[in-house]
Amino acid sequence: MNLNTLYNLRWTVLPPVVGVAITVMAGLALVSAPTEVVEGDVQRLLYVHLPSALASYLSFGITAVCSALFLITRDFKWDAGAQAAALVGLIFTALTLITGALWGRPIWGVYWQWDPRITTTLILFLIFAAYLVARKSSELDNERIARFCSVYAIIGFLDVPLIHMSVRWWRTLHPQPIVSRLDPALPTEMLLVTLFSVTAVLLVAVWFIVLGVEIELLSQRLLKIKGRVR
Amino acid sequence: MDLAYQYSCLISLTVADLKLTWREKSAWLTTALFACAALLIYSFALDLASGIVVSLLPGVIWTVFLFAGIFSASQSFHADRENGVLDALRISPVHPTIVYLSKTISNFVQLAAIQIPVLLGATVLFNEDIFQINIIMIVLLGTLGYCSLTTLLSALSFGSKSTNLMLPVMALPLLVPLLIACVEATASVLDDTPDGAPWMMLLVLFAIWTTLISALMFPLAD
Amino acid sequence: MSAINFLFAGFAVFWAGLFTYLIVLQLRIRTLRTEIEQIENDQESDDT
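Residue numbers (this note's numbering), protein chains in the order written: chain G, 1 to 230; chain S, 1001 to 1222; chain A, 2001 to 2048.
Below, the structure is given as structure tokens:
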């Protein structure tokens, strides 16, 4: 009921809000946020890197939840949601890895570091890429494959804590170059900009997922119409 | 659901599957040959003359085992699907989880029967004391951990061709924790260092986790 | 490459990525809608 009326606002409210939020975010991140003392201006990458990471986790979480709902209800609209969210999650994971590499080079001196968080993110990318390839390589209305891929998405999501744990043990039991992960408590201004950026990027992610769901639903409808014509 | 009945079904299904595999021969023989050939290729590629065998050996063994496991899993439901056994079981009173468990046990027995001789062969080839009880324990635990997951994933059929391609792509990222834990545990046994305990724990945890979740999920997936 | 270039490269990739994806999504929705409309129109003209 309420959820449906809320969902109907997606064309009228969501686009302008997202547009304003993301523009304001760019201004805040580049101009208003104070320059970090140690790292200098490069630290402003935080305002796109961290929100992208959170958006990817949110998207993959939505994929897992939608997959569970699909397994329970067998309603293909949840399958559509899972696929759309997985694709958005992949985009944001890629953006996280790229911005992270570009941030790591001037600060750590290397683009890539086999750090637990980075490695987990990369494996997460591979898992959901496999999910999406498996799902897309079959017909939209193939219920068996849709169910199977939902199971895979849930297992993949539940595997993440184990992956993170294993990679962390692996890295900490070995000698490794010291990465300054001191993260001193952020000053209030930076914290506010960070929070705003996180909100803005999560809104973008939600909008993308909504558009993706629309595409999946339209494709399902097209398939049905084509079936009727034949 | 009658537990005693399901249990007897589990036993008879497993035995039937193993008998059939034994009689067919081609599936487990190709897996065994694959494992041997891969071991050989790795030892050539990594040039064992360089004298750093011990530090590379756990990685070599486990990559070979993982790929052999995926190789064997990709054939595991093949015959059943062709002969319509899966459809017959679906309308029978046997619970899907029992079907899954019997297949996993059968796969596990096959893989263990292949891997133990490979360990023996590696002992001879690499002049390293690999064939010892600790490593066999690790191998059995690791095999249980990955073959319960690959068996679940192999139940998927994408039609004729892409199934065998999809299986490694889907399974390998999920198996990263298992691979790390197995390699580290094996290395700690070979180096005689005592830091293998957390890895053994992770291995046990992973084996329990994959078996439980696959047994729960199989009825939904198939 | 000085540090500030990395900042600009990162921001450029981020915004370019978002906009490209948005455009791809919109185009896909448009093609699907026109295709559906076309088929429905064809059907209606067949019926009459």
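Think of the CB as a built atom: it goes at the ideal place given N, C-alpha and C, for glycine as much as any other residue. Nothing here was measured: the structure is a model prediction, and the numbers come from that model.
- Between residue 1097 (chain S) and residue 1218 (chain S), the beta carbon gap of about 6 Å places them in contact (Cβ cut-off 8 Å).
- Between residue 1139 (chain S) and residue 1035 (chain S), the C-beta gap is not smaller than 8 Å, which leaves the two residues out of contact.
- Between residue 1183 (chain S) and residue 1059 (chain S), the beta carbon gap of about 6 Å places them in contact (Cβ cut-off 8 Å).
- Across the set G:215, G:226, G:156 and G:14, the C-alpha of G:215 shows the shortest separation from the C-alpha of residue 2024 (chain A).
- Below the 7 Å Cβ cutoff, chain G contributes no neighbours of residue 2027 (chain A), its closest Cβ being approximately 10 Å away.
- Per DSSP, the unbroken alpha helix (DSSP H) holding residue 106 (chain G) starts and ends at 76 to 108.
- Residue pairing for residue 40 (chain G): DSSP places it in a beta bridge opposite G:36.
- Residue 118 (chain G) does not reach chain S, its nearest Cβ partner there being about 13 Å away, counting only Cβ pairs nearer than 8 Å.
- One thing to note: residue 2006 (chain A) has its Cβ no nearer than 8 Å to the Cβ of residue 37 (chain G).
- Secondary structure note for residue 1206 (chain S): its alpha helix (DSSP H) is the uninterrupted segment 1197 to 1221.
- The alpha-carbon separation between residue 1021 (chain S) and residue 2039 (chain A) amounts to approximately 52 Å.
- Rounded to whole angstroms, the Cβ separation of residue 71 (chain G) and residue 150 (chain G) is 5 Å, and the two are in contact under 8 Å.
- Put simply, the region 52 to 66 of chain G touches the region 156 to 175 of chain G. At least three CB pairs are less than 8 Å apart.
- Taking the C-beta atoms as reference points, residue 67 (chain G) is found nearer than 8 Å to residue 153 (chain G).
- At least one CB of chain G lies nearer than 8 Å to the CB of residue 2004 (chain A).
- Within the region 199 to 212 of chain G, 204, 208, 211 and 212 place their CB atoms closer than 8 Å to a CB of chain A, listed in sequence order.
- It is roughly 15 Å from the alpha-carbon of residue 121 (chain G) to the alpha-carbon of residue 111 (chain G).
- If the five residues before and after residue 2002 (chain A) are omitted, its C-beta is found closer than 6 Å to no C-beta atom of its own chain.
- When secondary structure is reduced to three states using DSSP, residue 159 (chain G) falls in the helix class.
- In the DSSP assignment, residue 56 (chain G) falls within the alpha helix (DSSP H) that extends over 46 to 73.
- The beta carbon of residue 74 (chain G) sits closer than 6 Å to none of the beta carbons in its chain outside the five residues before and after it.
- DSSP places residue 1177 (chain S) in the uninterrupted alpha helix (DSSP H) bounded by 1176 to 1191.
- Looking at the backbone, the Cα of residue 2032 (chain A) and that of residue 207 (chain G) are separated by about 19 Å.
- Nearest to residue 1002 (chain S) by C-alpha distance, out of S:1095, S:1077 and S:1176, is S:1095.
- Taking 8 Å as the CB threshold, residue 1062 (chain S) stays off the interface with chain G.
- Chain-ordered, the chain G residues with CB closer than 8 Å to the CB of residue 1213 (chain S) read 155 and 158.
- Taking a beta-carbon distance threshold of 8 Å, residue 2036 (chain A) counts as an interface residue toward chain G.
- Judged by their CB atoms, residue 2014 (chain A) and residue 48 (chain G) are nearer to each other than the 8 Å cut-off.
- Three or more Cβ pairs closer than 8 Å define a contact, and the region 1185 to 1196 of chain S meets that threshold against the region 1126 to 1135 of chain S.
- For residue 2037 (chain A), the three-state secondary structure derived from DSSP is helix.
- Just so you know, the alpha carbons of residue 77 (chain G) and residue 143 (chain G) end up roughly 12 Å apart.
- Sixteen is the threshold: since fewer than 16 other Cβ atoms of the shown chains lie within 10 Å of the Cβ of residue 1197 (chain S), the residue is exposed.
- Taking a cut-off of 8 Å for Cβ pairs, the region 1113 to 1129 of chain S and the region 1171 to 1179 of chain S do not touch, as fewer than three such pairs fall below it.
- When secondary structure is reduced to three states using DSSP, residue 214 (chain G) falls in the helix class.
- Using a Cβ distance threshold of 8 Å, residue 1148 (chain S) and residue 1076 (chain S) do not count as a contacting pair.
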